[in-house]
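Enquirer: Have a look at this one before I ask anything.
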Amino acid sequence: MKGKILLTRTLHDFALKELKKKFQVEIHTGKIPIPQKTLKSKIKEMDGLICFPYDKIDKEIIQSAKNLKAISTYSVGYDHIDTQFAKESKIRVGYTPEVLTDATADMAFALLLDSLRRISEGDRIIRKGQWKQIYGAYDYVGLDLQGKTLGIMGLGRIGKTLAKRAKAFDMKIIYHNRKQISKTEEKKIGVKYTTFNKLIAQSDIISIHVPHTKQTNEMFNMKIFRKMKNTSFLINTSRGKVVNQKDLAVALKQKIIAGAGLDVFETEPIKKNHPFLKLENIVLAPHVGSSTKETRVKMAKITVKNLILGMNGKKPTYSIGY
Ligand code: DGY
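The sequence shown maps to residues 140 to 461 in our numbering.
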């Protein structure tokens, strides 16, 4: 008898085909994210689960799953899963790092470029029929990237890849991490380690690349914005909850910092009356860090592979905890 698996939404056809060869596949087609109540009831009889970063796979859900062997998330982030409880329950958890590193670093760099050169702002001006000034000394001027200090908060895979892009644009790169990388690697990548306080105070642009944990929850808040230069920018492609969004909206409105580029938000999608929507000095992206055709295919392949391995009692290729 084939094991039963649930997908909280559909994936590529090739992935479904592969999964259907091995399992009885149920795909949630209703409201997204799948309502907790529905998930809780469906998970009871499932042996495997494929989920997405907005699904809340908490203790209650895991406890309801009597036969669950594996959870495979279509994301590098896994803050939506109670991985500790999954481990205690001997449930394998797979995720999709590496394959999305370049795409996400590209996105962070795109937000940086857009913020400094005001591309989206210009696009809005043109579309609204408000393009009045041409080529004047002060018209729509942005900022050079060359010589600016980029502060990378969290120098993991994505942070390091972003550093490569920034180096090509002749930026100075400083970083803060829980652990300093080796001097040899620092030299190779062209980055300098610094304390969190110095990173905040010295960077012209800060790009966040830390996971969302109890420690990083709202680590960027008004207290921090006030320590940043009032000419500086904040880029976030990690998780929305790492930033206190209310504080950020105020900091941008009052020009406590100069601008921001965000791909992630506390609640996604953001509400129609969100204070960010009234600001010109913010670039908004709809959580598309890993969203390229090529990367999403690679992520689907790994998600499927991780699930199959986990269902067979093996460690997923990319696994968390167990
Ligand atoms: C992930 O996979 O967790 C990222 O948010 C992709 O953008």
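From the three backbone atoms N, C-alpha and C, an ideal C-beta is built for every residue, glycine too.
For a test of your reading of the model: does the CB of residue 379 fall under 7 angstroms from any non-hydrogen atom of the ligand DGY? Yes or no.
Expert: No, the beta carbon of residue 379 sits no closer than 7 angstroms to any heavy atom of the ligand DGY.
Enquirer: Give me the Cβ distance between residue 234 and residue 215, rounded to the nearest whole Å; I'm assuming they're in contact under 8 angstroms.
Expert: The Cβ separation is near 6 angstroms, so the contact holds.
Enquirer: To the nearest angstrom, how far is the alpha carbon of residue 442 from that of residue 212?
Expert: Taking the straight line joining both Cα atoms gives about 6 angstroms.
Enquirer: Could you tell me if residue 384 is buried or exposed, where buried requires 16 or more neighbouring beta carbons within 10 angstroms of its beta carbon?
Expert: The residue is buried, with at least 16 neighbouring Cβ atoms inside 10 Å.
Enquirer: Is any heavy atom of the ligand DGY found at a distance shorter than 7 angstroms from the C-beta of residue 436?
Expert: No, the Cβ of residue 436 stays beyond 7 angstroms of every heavy atom of the ligand DGY.
Enquirer: Report yes or no: do three or more beta-carbon pairs, one from the segment 231 to 249 and one from the segment 358 to 369, lie closer than 8 angstroms?
Expert: With a cut-off of 8 angstroms, the segment 358 to 369 and the segment 231 to 249 do not count as touching, because too few Cβ pairs lie within range.
Enquirer: Please report the distance separating the alpha-carbon of residue 244 from that of residue 375.
Expert: Their backbone Cα atoms lie some 11 angstroms apart in a straight line.
Enquirer: Of the residues 399, 334 and 326, which one's Cα is nearest the Cα of residue 302?
Expert: The shortest C-alpha separation from residue 302 is found at 326.
Enquirer: Using 8 angstroms as the threshold, is the C-beta distance between residue 201 and residue 186 below it?
Expert: Result no, Cβ atoms of residue 201 and residue 186 do not sit closer than 8 angstroms.
Enquirer: Nearest by alpha-carbon distance to residue 290: which of 328, 419 and 340 is it?
Expert: Cα-wise, what sits closest to residue 290 is 340.
Enquirer: Please specify which runs of the alpha helix (DSSP H), each continuous and at least 4 residues long, are wholly inside the segment 204 to 286, giving them in chain order.
Expert: Runs found: 222 to 227, 240 to 256 and 258 to 266.
Enquirer: Could you pull out every residue in the same chain whose Cβ sits closer than 8 angstroms to the Cβ of residue 356, ignoring the five residues on either side in sequence?
Expert: The answer, listed in chain order, is 380 and 381.
Enquirer: Look at residue 217 and residue 459 and say whether their C-beta atoms are less than 8 angstroms apart.
Expert: Cβ atoms of residue 217 and residue 459: closer than 8 angstroms.
Enquirer: Does DSSP put residue 153 in a helix, a strand or coil?
Expert: Looking at residue 153 - three-state DSSP - the assignment turns out to be helix.
Enquirer: Between the segment 318 to 338 and the segment 266 to 284, can you find at least three pairs of beta-carbon atoms closer than 8 angstroms?
Expert: Too few Cβ pairs lie closer than 8 angstroms, so no.
Enquirer: Let me know the secondary structure DSSP gives residue 397 once reduced to three states.
Expert: The answer is coil: DSSP assigns residue 397 none of H, G, I, E or B.
Enquirer: Starting from residue 288, trace the beta strand (DSSP E) in both directions and tell me its first and last residue.
Expert: Unbroken beta strand (DSSP E) run through residue 288: 288 to 292.
Enquirer: So, does the segment 416 to 436 touch the segment 172 to 191, judging by three or more C-beta pairs under 8 angstroms?
Expert: No, they do not touch.
Enquirer: Which residue or residues does DSSP assign as beta-bridge partners of residue 382?
Expert: Beta-bridge pairing links residue 382 to 359.
Enquirer: What is the rounded straight-line gap between the Cα of residue 196 and the Cα of residue 282?
Expert: Approximately 43 angstroms, taken between the alpha carbons.
Enquirer: Output the boundary residues of the beta strand (DSSP E) element that contains residue 345.
Expert: First-last of the beta strand (DSSP E) with residue 345: 344 to 347.
Enquirer: Do you know how far the Cα of residue 453 is from the Cα of residue 247?
Expert: Approximately 34 angstroms between the Cα atoms of the pair.
Enquirer: With DSSP collapsed to three states, give me the class of residue 458.
Expert: Note: residue 458 maps to strand in three-state DSSP.
Enquirer: Quick one: what does DSSP say residue 164 is sitting in, helix, strand or coil?
Expert: Correct three-state label for residue 164: strand.
Enquirer: Roughly how many whole angstroms lie between the Cα atoms of residue 360 and residue 314?
Expert: Cα to Cα, the separation comes out at about 19 angstroms.
Enquirer: Might you give, ordered along the chain, the residues of its own chain that have their beta carbon closer than 6 angstroms to the beta carbon of residue 297, omitting 5 neighbours on each side?
Expert: 240, 243, 244 and 348, listed in sequence order.
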